[in-house]
């Protein structure tokens with residue numbers, strides 16, 4: 002079984018500090034993004050992993 006240290010992921014392109022217009026364009030191209038009446042984007046997402054093994058409870062009390 003491979004560990005995260007053994008897997009390398011190479012991006013097609015890296016955008017360093019994208020501008021506002023590019024971010025809006027990229028968001029507009031997302032199929033789950035909807036433009037609101039205030040000309041902002043609302044992106045609907047789905048929870049894909051809520052299993053007991055990947056859920057951690059963090060508390061201030063020891």
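In the numbering used here, the protein residues as written are 2 to 63.
Cβ coordinates follow ideal geometry from the N, Cα and C atoms, glycine included.
Item	Value
Can you tell me where the beta strand (DSSP E) with residue 44 in it begins and where it stops?	42-44
I need the boundaries of the alpha helix (DSSP H) containing residue 21, first residue and last residue.	21-29
State the Cα-Cα distance for the pair residue 19 and residue 62, rounded to the nearest angstrom.	41 angstroms
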